[in-house]
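Engineer:
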Amino acid sequence: MDRLLDIDEVRATARRTGFMKRSSKLAPEHFLECLMFADLEHGQLSIQDSCDDMVIHNGIRVSKVALHKRFNQSSVEFVQAVLSDQMLTRMDFADARDWSAFSAVIIADSCKFHLPKGFSEAYPPMGRFAAGNSLMNIQYAFDIKSGCWKTLDFTRATENDQRYSGAHIDRIGKGELHIRDLGYVTQSYLLGIARRQAYFLNRLHPSCRPVETETGQYIDWAKKYQAMAAVGQNISEVCVTIGKGDETVECRLVAVPVPRAVWEERIRKANVQAKRQGYALTDEYKNRARFSLFITNAGKDRLGTEMVAELYRLRWQIELMFKSWKSLFGIHKVKAVKKARLECQLLAKLLRIVVNWKIYKCIDSIATQKFKNRSCSTWKVFKHLRVIAQVIRKMARKEISALKWYDQYIYPIIQSLLLEPKKGKKAAFQILNEIFKA
-3 MDRLLDIDEV RATARRTGFM KRSSKLAPEH FLECLMFADL EHGQLSIQDS
47 CDDMVIHNGI RVSKVALHKR FNQSSVEFVQ AVLSDQMLTR MDFADARDWS
97 AFSAVIIADS CKFHLPKGFS EAYPPMGRFA AGNSLMNIQY AFDIKSGCWK
147 TLDFTRATEN DQRYSGAHID RIGKGELHIR DLGYVTQSYL LGIARRQAYF
197 LNRLHPSCRP VETETGQYID WAKKYQAMAA VGQNISEVCV TIGKGDETVE
247 CRLVAVPVPR AVWEERIRKA NVQAKRQGYA LTDEYKNRAR FSLFITNAGK
297 DRLGTEMVAE LYRLRWQIEL MFKSWKSLFG IHKVKAVKKA RLECQLLAKL
347 LRIVVNWKIY KCIDSIATQK FKNRSCSTWK VFKHLRVIAQ VIRKMARKEI
397 SALKWYDQYI YPIIQSLLLE PKKGKKAAFQ ILNEIFKA
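For the sequence shown, position 342 (counting from the first letter as 1) is numbered 338 according to my numbering, and the numbering increases by one without interruption.
#1: Would you check if the segment 331 to 342 and the segment 216 to 235 touch, i.e. whether three or more CB-CB distances between them fall below 8 angstroms?
#2: Would you mind working out which of H174, R18 and L79 sits nearest F138, comparing C-alpha positions?
#3: Can you tell which of C372, D177 and S42 has its C-alpha closest to the C-alpha of Y356?
#4: As a quick exercise: from D48, A8, L289 and Q404, pick the residue whose alpha carbon is nearest that of S203.
#5: Flag this pair as yes or no: are the beta carbons of V78 and E339 separated by less than 7 angstroms?
#6: Measuring straight from C-alpha to C-alpha, what distance separates I384 and F33?
#7: When DSSP labels each residue in this structure, what does Y281 get in the three-state scheme?
#8: May I have the straight-line CA-CA distance separating A257 from A97, to the nearest angstrom?
#9: Go to Y195, then tell me how far its beta strand (DSSP E) extends in each direction, as first and last residue.
#10: In terms of alpha-carbon separation, which member of K394, L346, L414 and P408 lies closest to K368?
#11: Since I believe F67 is in contact with R337 (beta carbons under 8 angstroms), could you give me their beta-carbon distance rounded to a whole number of angstroms?
#12: Report the option in K220, G114 and M303 whose CA atom is closest to the CA atom of I427.
#13: Run the proximity test for K141: is its beta-carbon closer than 6 angstroms to any non-hydrogen atom belonging to the ligand NAD?
#14: As a quick exercise: from T292, E117, D48 and T13, pick the residue whose alpha carbon is nearest that of V75.
#15: State yes or no: is the C-beta of L186 within less than 7 angstroms of the C-beta of R199?
#16: Count the other CB atoms, across all protein chains shown, that sit within 10 Å of the CB of W401; report buried if there are 16 or more and exposed otherwise.
#17: Using DSSP with H/G/I as helix, E/B as strand and the rest coil, what is I337?
#18: Would N133 and K108 qualify as a contact pair, given that the criterion is a beta-carbon distance under 7 angstroms?
#19: Please list, in chain order, all residues of the same chain as F189 whose beta carbon is under 8 angstroms from its beta carbon, the five residues on each side excluded.
#20: Counting C-beta neighbours from all protein chains within 10 Å, is the total for D35 16 or more, i.e. buried, or is it exposed?
#21: I'd like to know whether the C-beta atoms of M184 and G212 end up nearer to each other than 7 angstroms.
#22: Assign V258 to one of three DSSP states: helix, strand, or coil.
#23: Would you decide whether K271 is buried or exposed? Buried here means 16 or more other CB atoms lie within 10 Å of its CB.
#24: Which residues bound the beta strand (DSSP E) around A276?
#25: Take A104 and list the residues in its own chain whose beta-carbon comes closer than 6 angstroms to its own, dropping the five residues that flank it on each side.
#26: Can you tell me which of the three DSSP states Q40 falls into?
#27: Report yes if the C-beta distance between S99 and G171 is below 7 angstroms; otherwise report no.
#28: Just to confirm, are T237 and V207 a CB contact at a threshold of 7 angstroms?
#29: Assign R93 to buried or exposed, taking buried as 16 or more other Cβ atoms, counted over all protein chains shown, within 10 Å of its Cβ.
#30: Pick out whichever of P408, K220, T209 and I409 has its Cα sitting closest to the Cα of T443.
#31: What number of angstroms, rounded off, separates the C-alpha of L347 from the C-alpha of K335?
#32: On a CA-only basis, which of Q193, K282 and E261 is nearest D216? Give me that one, please.
#33: To the nearest angstrom, how far is it from the Cα of I388 to the Cα of M50?
#34: Which runs of the beta strand (DSSP E) spanning at least 3 residues fall entirely within the segment 138 to 195, listed in chain order?
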């Protein structure tokens, strides 16, 4: 942790991006700190607040006009570059013998929130969010193997998830497993992953009619459900072909029957939608809705049948991440300021979050060794780190050592940061252990 936000590296980045062209009393690290560690949410943060922060913590007086002028394209590129550097810095505590099936296991999703008036040209609204003035869309991906953030892009909401995944297929590396929701999945996406010798895991799209590879016939969902129910089978796997002509992909289809109450709720919602749009549900749709359906091109030797659905459900981890971004750090609470300032503040807030994520990984690594079969709660750790934010600031500035910080602020309460066991429900780390450490 002593390597976090090294001042020499921050200054080198400032020179590289043009933020620092000559000596100035407003050093790059001071600019970064006042945005990262502001006690106020950015929706309440004023230029004067940031000026006061510099006086209190660095003894530097900067006028509001001078600070306002520093928010420009160079400052955006500077904060973005520091964030990118932090994302690339690995803090991998996994045993080197683990996870040999995949070089990375990457979960991706997007986070959207409304912006005030004045940003509609850069960040236009769309779809069900069209009633808002403008819309920020953050594309985010992280590797649950290494704990590293892989992608963090501000995009226009009009560039939907499918278009985004297609435009960035070149980011996919050999041997990686990508877990995404249906909003990202197209036939070209599946083909792109396969051609790059990587792996996908996602739900089967409702419009897709898979063909059994062995028989060459479409799956009869009614017969499949009846056959599984007759013998009490709770999971089924079959090799299927998806697509047509040269665009076909062969993969495994894993079908898991859902409880009757879940099936009935699915049909109820689908009927409401069908009635609104003037069509009737087909029998095929109703029978298919009895299953949760997953597809993957990873072989059984890499990912067992029983683990396919378990691993896919870890997607909810990214939803918890978005929840903490908003609830604990208030990234969605912004006000009408100039575009460069808005982006700098958001990037700095995300930089603070990625620094906290690295600290969390350190604490969790210690906790899993100290308390067998236990792990830390991301929410609890992030909440505690928010409370002691100014102490983390001192650690980043090398005013307090990481060891002293841990002994004083973490060790006495580490047990209270653990996840609470839930009866009948596995924690994410237990699922990962079962899949990759068996």
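Every residue gets a Cβ at the ideal spot worked out from N, C-alpha and C, and that includes glycine.
Structural biologist: On the basis of the supplied data:
#1: no
#2: H174
#3: C372
#4: L289
#5: no
#6: 10 angstroms
#7: helix
#8: 36 angstroms
#9: Y195 to R199
#10: L414
#11: 4 angstroms
#12: M303
#13: Among the components of this structure there are no ligands whatsoever, and the ligand NAD is therefore not found.
#14: T13
#15: no
#16: buried
#17: Checking the sequence, you will find Arg at residue 337 rather than Ile. Note: R337 maps to helix in three-state DSSP.
#18: yes
#19: In the sequence as presented, Phe is not what sits at residue 189; that position holds Ile. I165, I168, H174, Y195, F196 and N293.
#20: exposed
#21: Strictly speaking, residue 184 in this sequence is Ser, with Met absent from that position. No.
#22: helix
#23: exposed
#24: A276 -> no beta strand (DSSP E), and no H or E assigned at all.
#25: A137 and R176
#26: coil
#27: yes
#28: yes
#29: A caution first: R93 carries a pLDDT of 39, below 50, which makes its placement in the model too unreliable to give a value.
#30: No information on residue 443 is available, as it lies outside the stretch -3 to 434 that the chain covers here.
#31: 18 angstroms
#32: K282
#33: 17 angstroms
#34: 145 to 152 and 172 to 175
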